[in-house]
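With the working numbering, letter number 718 in the sequence shown gets 743, and the count goes up by one each step, no holes.
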Amino acid sequence: MARTDPLAEYNAKRDFAKTAEPAGEIAKGQGRKFIVQKHDATRLHWDFRIEVDGVLKSWAVTRGPSLDPAEKRLAVRTEDHPMSYATFEGTIPQGEYGGGTVMLWDEGEWAPIPGKSAKDLEKGHLHFTLAGERMKGEWLLIRLKPRGKEKRENWLLRKIEDRFAGATDELVETGLTSVKTGRTMEEIAKGVKPGKPAVKRKTSPRPKAGPVPGFREPQLATLVDSVPAGNGWLHEMKYDGYRALLAVGRGGPKLFTRSGLDWTDKFASIAQAAAGLSVGSALIDGEVVAFKDGKPDFSTLQETLSNRSGELTFFGFDLIEQDGEDIGKLPQIERKERLRAVLAGADPRLQFSEHVLGAGEKLFEAMCAQGHEGIVSKRADAPYRGTRTKSWLKVKCTRRQEFVILGWTESSAKGRGFRALLLGLNEGGALRYAGKVGTGFDMATGHALRVKLDKLARKSPAVEVPREAKRGAHWVTPKLVAEVAFAEFTADNVVRHASFLGLREDKPAEDVVVEKAVAAPEVEPSDVKISNRDRVIFPDSNVTKGDLADYYQAVAPILLPWVTNRPISLVRCPQGRAKQCFFQKHDAGSFGEHVKHVDIREKDGHLEPYLWVDDIDGVLTCVQMGTIEFHGWGSLVSDVEKADRVVFDLDPDEGLDWEKVKSAAADLKRHLADLGLTSYPMLSGGKGVHVVVPLVPQAEWPAVKSFAERFARALAQAEPDRFTANLKKIERKGRIFIDYLRNQRGATAVLPYVARARAGAPVAVPVGWTELRDIDTPQKWSVRDATALIERANSRALKGWGVAEQVLPEV
């Protein structure tokens, strides 16, 4: 039986003389507001609420919403809340119902998908979309059948697969502050007033604006007949839109077409979104698209641009320049990770183009099955080149390309339309006839095209045309370019089963040539020769020098973003790990041309040449010289004085239970989150876990060391039975040493995917916080697991690992 007062239960549970929560009154009107409140009560949870019939229908999501469609989160139905609760943030007194801290974690609008309504809740399900600051796209709520004496309704909240899907706990691990006040849970609990945080921080610091970059010739892809094999390639979706270079900086933003035309006005909404990017200057390569039925659609893009209405989205897939630095010389995979950081937290109209490593054939099959255009495959280790190369390859699901419009034939229908377009292609230095396209036009498109065609009318064809194609034809100056899908070229070299997709205003007619697919190449092998490949360097597991070199080459796409372009120290074991090993950080030139040097001033004032590498050849050169491990500074060679990360190495006493180490890491994550810092775990390949805090390179080493030391000592003081911040071995008995000393100038930490000189040839491996709970050893993966590590890198659990736009708080 329906309750006459849906807020009676809400009001009955609260003493409004003791709690600051608003009293319940039903609101007027029918809106579509949704909110999520992070609630640290008896158990931390996220309260998901949607507006229905003047109240907030509510569910307590125990582990928070997940972006992973495979993850179903328990959502316990709770009492309806008043609309006035949508702005509540503060502390409910202990002892009162729901006592604890409440943060306004997300807000926005919700809507049932077409054909559905809020009444579906009575049937036990709701399929809807969200447009919030954090939760976006399609979601699903499903009621479970009651079991036993359950007093509450149990539901499941699940993300639907779409472009907003992501890593399992990405939202709850990165959404650490209020969308209303910017406060952390700790600040709300302490009663810190909005605008006056207990710790000073900026979540997205913006460097001083530099000059807006100018246009650069874009890199173009070569059409191939199959997906390239091997782990050396990364693969992206091929977007059905307009190629664009987005330039941000003083005097910008600007958007250029692939031929250099300034289309900032046409892409005004994208320029508006880019104005908020936290970067001084940047040149980003990407594609502007419009969506139809959840997929990029070229015809919809044409309509959007013509009518100046509808939403545009920019997918960035490469970073060419940043803050005056030429990023194009870096490996492709590193450029993408730099770009991921630039676009983190950006306006939703600016999206990062995700990719997979290896496994390109699976992505291609999936794209074709979903009706997409195809994929682009890129060599993970290659620099950016402003020309057509075989480092970028495109594989299409169906044949489609540009054609020059030579003329048109009349339609039998009334009005100013046409029956078909006559097409041409440049070949052998001359324009030739290439057939007709007579489908793909609606009435509006046909009329708009006729206006453009009439302005280019001429009396005779610009090229030789077969007699049968001339009947009823009208000719135009060949300036317009059409995008056309077709089945094949016939024996007469004309298109068969063609369909018009739209005009291409970003490409001149003289550049339109036939695209012929060539065989896909393999990644070129390294020119670094590994001698004594059969020498055993891990005697306990029979791993040879050649095996180690093969491992590093195989995992290059996931290794290079972390090991390149930062000063490194090497652990060299020329006779194998069981023999004498030593650290090396300087080089007088014995490593050769593939290993670089950066001069860094030592404490005594002298400059010393520190090692660094910028590609896989540099890594393999070090392996050839007996290197097993690579340890890196917490800064880049471009500015060694400013840290781009903080690393806490949890080093347990001998024999300490691994479960205690994992629990300690989770507690560090929680304490860092209280300060507004996102962190990521990494298995060290040794005994412990590294907790990595990525930073915008802004703080200098004294400040970084001070923060790390104070944080570690505070934890050790708060829980002396669990932690110590003392380096002495005697202080570690039964405890975990929080090694903060890696966060000072000249100190290093082992880098992701680096092999360790330990029994079993283990590897340092990034993991997600969720999966860390179920990992049974810090040495779970070894150099024998290159394929598995590449597959893991494509998983949702590691999407965006190690990337966050944040700076150290001043506590």
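All residues carry an ideal CB built from backbone N, CA and C; glycine is no exception.
*Beta-carbon proximity of I761 to L700, cut-off 8 Å*: The Cβ atoms of I761 and L700 do not sit closer than 8 Å to each other.
*What is the DSSP secondary structure of G432, reduced to helix, strand or coil?*
The three-state reading of DSSP puts G432 in strand, counting E and B together.
*Report, in whole angstroms, the separation of the C-beta atoms of V717 and Y705, which I expect to be a contact under 8 Å.*
About 5 Å separates the two Cβ atoms, so the contact holds.
*Measure from the alpha carbon of A269 to the alpha carbon of each residue in R425, L344, G220, D536, then state which is nearest.*
Looking at the Cα atoms, L344 is the closest of the given residues.
*Which class does L81 belong to by DSSP, given the choice of helix, strand or coil?*
Strand.
*Keeping to the same chain, check which residues put their C-beta closer than 8 Å to that of I555; ignore five residues upstream and five downstream.*
Only K570, G571, A574, L645, V648, Q649 meet the Cβ criterion.
*Using the C-alpha atoms, what's the distance from L481 back to P495?*
A small fix is needed here, since residue 495 is Lys in this sequence, not Pro. Taking the CA atoms as reference points, K495 sits about 18 Å from L481.
*What's the C-alpha gap between R425 and A394?*
Distance between the alpha carbons of R425 and A394 is about 17 Å.
*asked:* In chain order, what are the residue ranges of uninterrupted alpha helix (DSSP H) at least 4 long that sit wholly in the stretch 552-593?
replied: Counting only runs of 4 or more, we get 570-579, 581-588.
*Enumerate in chain order the residues of its own chain whose CB-to-CB distance from D372 is below 7 Å, with the five nearest sequence positions on each side excluded.*
Counting only Cβ-Cβ distances below 7 Å, and skipping sequence neighbours, we find A298, G301.
*Cβ pair count under 8 Å reaching 3, the stretch 312-319 against the stretch 262-281*: The answer is yes - the stretch 262-281 touches the stretch 312-319, with three or more Cβ pairs under 8 Å.
*Around the Cβ of Q376, are there at least 16 other Cβ atoms within 10 angstroms (buried) or fewer (exposed)?*
Buried.
*Helix, strand or coil: how does DSSP classify N451 here?*
It is a strand residue.
*In terms of residue numbering, what span does the alpha helix (DSSP H) encompassing S294 cover?*
Here the alpha helix (DSSP H) through S294 covers 293-299.
*From which residue to which residue does the beta strand (DSSP E) around N179 run?*
From DSSP, the beta strand (DSSP E) with N179 extends over 179-184.
*Outcome for P468 when other beta-carbon atoms lying within 10 angstroms are tallied against a minimum of 16*: Looking at the sequence shown, residue 468 is not Pro but Met. Exposed: under 16 other Cβ atoms inside 10 Å.
*asked:* Measuring only the C-alpha atoms, how far is V808 from R558?
replied: One C-alpha to the other measures close to 15 Å.
*Buried or exposed: N590, going by 16 or more other Cβ atoms within 10 Å of its Cβ?*
N590 should be labelled buried.
*asked:* Going by DSSP, what residue range makes up the beta strand (DSSP E) through P719?
replied: Run containing P719: 714-719, per the beta strand (DSSP E) assignment.
*Option in G771, D40, L146, I763 with minimal Cα separation from P677*: Here the closest residue by C-alpha is I763.
*How long is the line joining the alpha carbons of A698 and E198, rounded to whole angstroms?*
Distance between A698 and E198, taken at the CA atoms: about 8 Å.
*When you compare only the Cα positions, how much space is there between P722 and I800?*
In a straight line, the C-alpha of P722 is about 32 Å away from that of I800.
*Validate contact between the stretch 118-130 and the stretch 187-194 using beta carbons, cut 8 Å, 3 pairs*: Inter-segment contact for the stretch 118-130 and the stretch 187-194 is absent: fewer than three beta-carbon pairs are separated by less than 8 Å.
*Same chain only: Cβ atoms within 7 Å of G49, ignoring 5 sequence neighbours per side*: Excluding residues within five positions, the ones whose Cβ falls inside 7 Å are L32, Y35, N36, P107.
_Considering just the uninterrupted stretch of the alpha helix (DSSP H) at P727, what are its terminal residues?_
Segment 726-743, the alpha helix (DSSP H) holding P727.
*Which residues does DSSP pair with V686 in a beta bridge?*
Note: V686 sits in no beta bridge, so no partner.
*Y409 by DSSP, collapsed to three states: which one?*
Three-state DSSP puts Y409 in coil, outside helix and strand.
*When DSSP labels each residue in this structure, what does D676 get in the three-state scheme?*
Looking at D676 - three-state DSSP - the assignment turns out to be strand.
*Alpha carbon to alpha carbon, what distance is there between Q609 and R597?*
So the alpha carbons of these two residues sit roughly 7 Å apart.
_Exposure label - I400; buried when at least 16 CB within 10 Å_ = I400 is buried by the Cβ-count criterion.
*Cβ distance (whole Å) where G465 is taken to contact L526 below 8 Å*: Your pair G465 and L526 checks out as a contact, with CB atoms roughly 6 Å apart and the cut at 8 Å.
*If we ignore side chains and look at the alpha-carbon of each, how far apart do T703 and V671 end up?*
Their Cα atoms are separated by approximately 11 Å.
*Indicate the three-state DSSP secondary structure (helix, strand or coil) for L702 in the structure shown.*
L702: coil per DSSP, three-state reduction.
_Taking the alpha-carbon of L166 as reference, which of K176, E175, R183 has the nearest alpha-carbon?_
Considering only K176, E175, R183, the residue with the shortest C-alpha distance to L166 is R183.
*Could you tell me which uninterrupted beta strand (DSSP E) segments, each at least 3 residues in length, are contained entirely in the stretch 311-370, listed from first to last along the chain?*
Runs of the beta strand (DSSP E) spanning 3 or more residues and lying entirely within the stretch 311-370 occur at 338-347, in chain order.
*Between L708 and A789, is the Cβ-Cβ spacing less than 8 Å?*
Yes.
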